[in-house]
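Structure below.
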């Protein structure tokens, strides 16, 4: 009888001990999860990913079929997947989100499932799995409507339009969804997405309206993209002053976006360094000899990264300086009489625009400016084709600048047919055109 009581006591004690250990691991996982959320909010994504990973390891010691375990695991996996996605580890992020979605479905937690599906859509879109991304976004949108979550509805309408519909070229649906979100008070990159949709539909006026709104976005990257599209639109419309202004603003915002990116990189370096120091402190008693090596490697890593950042900044500065010089040359070009006359003929051929007299010095100035804009263009031409005459070079410069055959023929005082024959002779006799299947314009454009 005493033996049975002893066995029963041992079984009960073992069960209580097991429950105690499981509760301890669950508490540890919860603490690590909360710590990871705080680190993610502080943009310490590496440290957050480490905390979430440790939380999953602790959760492995708990019974997987319990609701509280499933819910915590789904939350941890979704957050860890987001950290991976943030650092472009898309192949690692998507399986975590999909497993979290399975757990949320088993729990019947619509709010959790909605958030997980949204992140699944992002990861799938980043991997180029557009059909899967569309399915995830649509299911999340259905849940948001059922939960009457207006904020999430707006965000999903914008993200699905940007990540899926723009890629599949369903521009009408993009316009419908983004307009709905903006009408409901959404913010973010909606105007940029809407402007790009109108741009691809060749509705330039509407595209300019919405892209201009996008230039007021708080994110430098969004403003940069908006100014880039606006520059191209104004240039295509012949609005060169506006195009030049947008180009300059594009450069400014590109520099700001680069500074923001570098700031994130510095935070990432700091997070990695802090995490390494934390590990070193925990293992100090057992690995004193390794501590010095870790510090040296960490310092070398920081020095290397800072050096790379400085080199990148120097390269960017040189590139921007070259762009600025080119822009100045383009402004000077627009004051040249040959260029101005050609532009006037491009816009309208009238008795007034046909009444011009171009001096040899003005032609020389035009060729000199073209060389400055296009990096010694005529010198490179003459190196390839030394038989070209001064008049031939003038035709090549006009062609390089993109003027039409009609405008060039008028400037060169030739009939259109005569100019066509002249251009053919230049290619065939002076540019080795017998063996070149490219057109005269293609040859000039590629030099």
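Residue numbers (our numbering): 886 to 1332. From the three backbone atoms N, C-alpha and C, an ideal C-beta is built for every residue, glycine too. Values in this document were obtained by computation on a predicted structure and should not be read as measured data.
Quick check on residue i: does DSSP put it in helix, strand or coil?
i, result
"residue 1122", "coil"
"residue 1039", "helix"
"residue 1271", "coil"
"residue 948", "coil"
"residue 1319", "helix"
"residue 1021", "helix"
"residue 1328", "helix"
"residue 1229", "helix"
"residue 1234", "coil"
"residue 1196", "helix"
"residue 1298", "coil"
"residue 1156", "Reliability fails at residue 1156, whose pLDDT of 49 lies under 50, so the model's placement of it is uncertain and the value that follows must be treated cautiously. The answer is helix: DSSP assigns residue 1156 an H, G or I state."
"residue 1250", "helix"
"residue 1052", "coil"
"residue 901", "Annotation note: pLDDT 41 at residue 901 (below 50); position unreliable, coordinate value reported separately. Residue state, collapsed to three classes: helix."
"residue 1259", "coil"
"residue 932", "helix"
"residue 1286", "coil"
"residue 1012", "coil"
"residue 1219", "coil"
"residue 1033", "coil"
"residue 1239", "helix"
"residue 914", "helix"
"residue 1312", "helix"
"residue 994", "coil"
"residue 927", "coil"
"residue 958", "helix"
"residue 1151", "Confidence at residue 1151 is low in this model, with a pLDDT of 46, below 50, so its placement is unreliable and the value that follows should be read with caution. Three-state result, residue 1151: helix."
"residue 1277", "helix"
Determine the contact status of residue i and residue j, defining contact as a CB-CB distance below 7 Å.
i, j, result
"residue 829", "residue 1041", "Here the chain covers residues 886 to 1332 and nothing more, so residue 829 does not appear."
"residue 985", "residue 943", "no"
"residue 1018", "residue 1049", "yes"
"residue 1046", "residue 1078", "yes"
"residue 1247", "residue 1222", "yes"
"residue 1116", "residue 1126", "no"
"residue 1252", "residue 1281", "no"
"residue 1073", "residue 1063", "no"
"residue 1311", "residue 1277", "yes"
"residue 947", "residue 910", "yes"
"residue 1043", "residue 1066", "yes"
"residue 1100", "residue 1108", "yes"
"residue 988", "residue 955", "yes"
"residue 1105", "residue 1141", "yes"
"residue 1071", "residue 1080", "no"
"residue 1085", "residue 1056", "yes"
"residue 992", "residue 962", "no"
Tell me, to the nearest whole angstrom, how far the beta carbon of residue i is from that of residue j; I am working on the premise that it is less than 8 Å.
i, j, result
"residue 970", "residue 959", "With 8 Å as the limit, residue 970 and residue 959 do not qualify as a contact, their Cβ atoms being about 16 Å apart."
"residue 918", "residue 940", "5 Å"
"residue 1005", "residue 983", "6 Å"
"residue 1020", "residue 1030", "Residue 1020 to residue 1030, Cβ: 16 Å. No contact."
"residue 957", "residue 937", "Contact flag wrong, Cβ pair sits at about 11 Å."
"residue 1308", "residue 1325", "5 Å"
"residue 1291", "residue 1301", "6 Å"
"residue 1032", "residue 995", "6 Å"
Hey, would you say the C-beta of residue i is under 6 Å away from at least one heavy atom of the ligand GTP?
i, result
"residue 1318", "For the structure depicted, the ligand GTP is absent and the ligand set is empty, with no information on it obtainable."
Review point. Is the segment 1257 to 1267 touching the segment 1228 to 1241, taking contact as three or more C-beta pairs under 8 Å?
Key: no
Exercise for review: Please determine if the segment 1010 to 1020 and the segment 991 to 1001 are in contact, where contact requires at least 3 C-beta pairs separated by less than 8 Å.
Suggested key: Cβ pair count under 8 Å is below three, so no.
Exercise for review: Report the residue ranges of all alpha helix (DSSP H) runs contained in full by the segment 1061 to 1147; include only those spanning at least 4 residues, in chain order.
Suggested key: 1075 to 1085, 1089 to 1099 and 1105 to 1121
Review point. Whole alpha helix (DSSP H) runs in the segment 963 to 992 with 4 or more residues, listed along the chain?
Key: Entirely contained in the segment 963 to 992, the alpha helix (DSSP H) runs reaching 4 residues are, in chain order, 975 to 992.
Review point. Are at least three pairs of beta-carbons, each pair with one atom in the segment 1227 to 1237 and one in the segment 1283 to 1302, less than 8 Å apart?
Key: Yes, since at least three Cβ pairs between the segment 1227 to 1237 and the segment 1283 to 1302 fall closer than 8 Å, the two stretches touch.
Exercise for review: May I ask you to verify whether the segment 1125 to 1139 touches the segment 1100 to 1114, counting CB pairs closer than 8 Å and requiring at least 3?
Suggested key: yes
**Study point:** Inter-stretch contact at 8 Å, needing at least 3 Cβ pairs: the segment 1265 to 1279 / the segment 1302 to 1318
**Key:** Because the criterion of three Cβ pairs below 8 Å is met, the segment 1265 to 1279 and the segment 1302 to 1318 touch.
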